[in-house]
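Going by numbering that gives the first Met the number 0, the first residue of the sequence shown is number 0, and it counts up by one from there.
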Amino acid sequence: MTAGISKDKQRGDRSQRTASAQLADLNPAQREAVQTVSGPLLILAGAGTGKTRVITYRMAELIRRRVPPGRILSVTFTNKAAREMQERTTALLGRAVKPGPLVCTFHAFCVRVLRQEITALGYPRDFTIYDRGDQESAARSALRDIRVPETSLRPGDLLAIISRWKMLGVLPPQATEAAETDRELLAASAYRRYQTTLKTSAAVDFDDLLLLTHQLFEDHPDVLDRNQQRFDHVQIDEYQDTNGMQFAIVEALVRPHKNICVVGDDDQSIYGWRGAEVKHILGFPKTFPGTKVIRLEDNYRCTDQILQVANELVRHNRDRHEKRLISHKPSHDEVRFVDFADENLEAERIVREIQYFIQTSRAAASDFAILFRTNEQPRPFEMEMRKRQVPYVILGSQSFFDRREIKDVLSYLKAVMQPTDEISMLRIINVPTRGIGSSTVEKLLARAVSAGQRIWEIMPAALAAGDVPKSAATAIAGFRELLERYRTKFVEHPKHLSETVRSLIQEINYDAEIERQYKEPLQQQARTAMLEEFVETVRNYESHAAKPSLTEFLEQTALVGRDEPTDKEELLSQNGVKLMTLHSAKGLEFPRVYVVGMEEGLLPHQRSIDSADASVDEERRLAYVGVTRARDFLTLSRATERMKWGKRRPSVPSRFLFEMRGMQPLPTSDEADDLDEDEPDAH
């Protein structure tokens, strides 16, 4: 007995020593944040101030204070961030702590809720999550049903309107009242059809994950109570990026105990265009009275000169929490402000400079990032990189899961698990070609519409009635048998998903489809390799999942595809100069950064200048994000004239350039023409 007590004491002593060592790693503000473990807490974490460390250490501190790990929820915005947080927490706590805290994205958390509770809203638990392609098909069908031509409202525009309504909590019956234009009135009618299509297909879209969870919490008190009882402590990372639905879900979840810790930086709120509302972080102390506010201002990333520029810039925003980043790194060089005659010379000189540094110093190509506001800007830089044979990687390319062959296989898997998913069914009913032509599909669709059922449900009756030619009927019967057989395989052998997927690809002879679509042998090899990579993706999921299932795999695929491009990490790891938009650069850092196109109309973007709201403030925050990506060297450049609408036109320097240098007011176009525009030596 004494020995047992002694061992417990030793373990306790070790735990205390470990906790003390961990706290010693933190600066005073970080330590205060970690040790504040109850009530509402707002951690204002500026760029490069170690917020992820604070979040993970705080979870460890909660557990050290006897909070059961499973009663801690930590939510962030991307799978990458959730994975990093999970790994750091495991490193702090050790693998023996099981179950650990729940660390996931907002959407992954909502999926967990919906898988348990969605039947209360009339959906099955094994619902499908539609990707962007599926959504566009459903939107196109909805517009066709209400006889609206794409010239009046395109599917993509309809989805944008629906997405905005869903983020505001507007349901289909309320859409007509919410509509402000004739176009939105059309969208309101289409929204009803679109949502009906999804529900009858046992499907939800990405925005539904939030909307339906909120609906459950609002309309079903028992569901809300069950979820409130699950967690004693909730942490939200990147809180400045929350939209209305996310805010409402979090507020409802913590209502009984108010043990909520949010971490974010209002100065980095740059996603207003996709529904993020900076007012949530600005108004947090009012929403949660008694909030403790802690500012993390010690920056360990950027030099003092870079931070001076960043601080000067962002202080011009009207609504923000007061803070000023403090550098712990002396500068190697001053921040450079460079003017070039045009966008081609801007690209030529910058790429030549990068080439020079790579050739004459130990700098690697991956040390450099070129950041721009719009997707059109990288073209001259790409041309220069190719010309000078400088390796580069452009982020924002097609996602792995958006490739045609991958979408086809995913549609097969969705149709196997949920045959009423009409979008997936129609995509693969004759892919690869099996003799079910478009006229046959039209007859099946007509019968389905007439009966008010899905195609899958009316197939037997259509075959029995002789609605389709005999050869097509045989093909349809074979197609149904294939899907039913593979559904049984996936359900009965969940630990062999990758083998079953490979078997399905071989049985449908997808290689023949690749040969039909692509005539070049190299193209065929590349597409076949993509299928092999997909099977490997399934195998990787299978090896890491506690209880593998095709439903969960499809769910994870849908979440990863929307949270972030699956190939982004791979692209970042490649040795090449990184070309990316300022939005894509958030969360990253590089030794040497070039923010290009610092001109009125580009940064700030013309849309924000023309807007009557606070859009320019968000553009300023976007510029601030770009500046704070640089660790050691920062160059801000502009072209004095640029090709627009087929003509060379003079540009006006971005107001942000003047703000960074403490120069006010913004010069007029005439004054800007008088500025010294000599091109500095590139080296």
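Ideal Cβ positions, reconstructed from N, Cα and C, are used throughout, including at glycine.
| query | result |
| --- | --- |
| Let me know the beta strand (DSSP E) ranges lying completely inside the stretch 62–129, each 3 residues or longer, listed in chain order. | 71–75 and 101–104 |
| Is it the case that the stretch 616–626 contacts the stretch 296–313, given that we only count it when at least three CB pairs across the two stretches are under 8 Å? | yes |
| Would you list, in sequence order, the uninterrupted alpha helix (DSSP H) runs of no fewer than 4 residues that lie entirely inside the stretch 409–469? | 421–427, 437–450 and 454–463 |
| If you count every other CB in all the chains shown that lies within 10 Å of the CB of residue 71, and 16 or more means buried, which is it? | buried |
| Exposed or buried, which one is residue 145 when buried takes at least 16 other CB atoms within 10 Å? | exposed |
| I need the DSSP call for residue 402, collapsed to helix, strand or coil. | coil |
| What number of angstroms, rounded off, separates the C-alpha of residue 636 from the C-alpha of residue 391? | 19 Å |
| Is the number of C-beta pairs between the stretch 172–183 and the stretch 225–232 that are closer than 8 Å three or more? | no |
| Between the Cα of residue 628 and those of 183, 272 and 267, spot the shortest distance and give me the residue it belongs to. | 267 |
| Looking only at its chain, what residues have a beta carbon closer than 7 Å to the beta carbon of residue 107, apart from the 5 residues adjacent to it on each side? | 558 |
| Given a cut-off of 8 Å, decide if residue 328 and residue 38 are closer than it, judged by their beta-carbon atoms. | no |
| Are residue 149 and residue 142 closer than 8 Å when you measure CB to CB? | yes |
| For the stretch 428–448 against the stretch 505–516, do three or more pairs of beta-carbon atoms, one drawn from each stretch, fall closer than 8 Å, so that the two count as touching? | yes |
| Check residue 270 in the structure and name its three-state DSSP category. | coil |
| What are the uninterrupted segments assigned as beta strand (DSSP E) that are 3 or more residues long and contained completely in the stretch 20–57, given in chain order? | 40–44 |
| Taking residue 235 as the reference, which of 249, 507 and 657 has the closest Cα? | 249 |
| So, helix, strand or coil for residue 662, using DSSP? | coil |
| Just how far apart, CA to CA, sit residue 207 and residue 126? | 12 Å |
| Can you say whether residue 317 is buried or exposed, counting buried as having 16 or more other CB atoms within 10 angstroms of its CB? | exposed |
| Look at the alpha carbon of residue 304 and the alpha carbon of residue 36, and state the distance between them as a whole number of angstroms. | 36 Å |
| Say whether the stretch 374–393 touches the stretch 406–420, bearing in mind that this needs 3 or more beta-carbon pairs closer than 8 Å, one atom from each stretch. | no |
| With 16 other CB atoms within 10 Å as the buried threshold, where does residue 64 fall? | exposed |
| Taking the CB atoms as reference points, tell me whether residue 373 and residue 601 lie closer together than 8 Å. | yes |
| In the DSSP assignment, what are the bridge partners of residue 369? | 578 and 593 |
| State the Cα-Cα distance for the pair residue 124 and residue 641, rounded to the nearest angstrom. | 54 Å |
| To test your reading of the DSSP string, which unbroken alpha helix (DSSP H) runs of 4 or more residues are found completely within the stretch 299–364? | 303–313 and 342–359 |
| Return helix, strand or coil for residue 636, following the three-state DSSP convention. | strand |
| Just checking, does the stretch 452–459 make contact with the stretch 417–424 on the three C-beta pairs under 8 Å criterion? | yes |
| Span of the beta strand (DSSP E) holding residue 295? | 291–295 |
| Please report the distance separating the alpha-carbon of residue 350 from that of residue 334. | 18 Å |
| According to the neighbour-count rule (16 or more other Cβ atoms, all chains shown, within 10 Å of its Cβ), is residue 416 buried or exposed? | buried |
| Tell me which residue opens and which closes the alpha helix (DSSP H) that residue 161 is part of. | 154–166 |
| Return the bridge partner residues of residue 649 from the DSSP annotation. | 640 |
| I need the straight-line Cα distance from residue 564 to residue 132, nearest angstrom please. | Here the model assigns residue 564 a pLDDT of 49, short of 50, so the residue's position is not dependable, and the following value carries that caveat. Taking the straight line from one Cα to the other gives about 15 Å. |
| Going by the beta-carbon positions, is the gap between residue 190 and residue 164 smaller than 8 Å? | yes |
| For residue 601, list the residues DSSP reports as bridge partners. | 604 |
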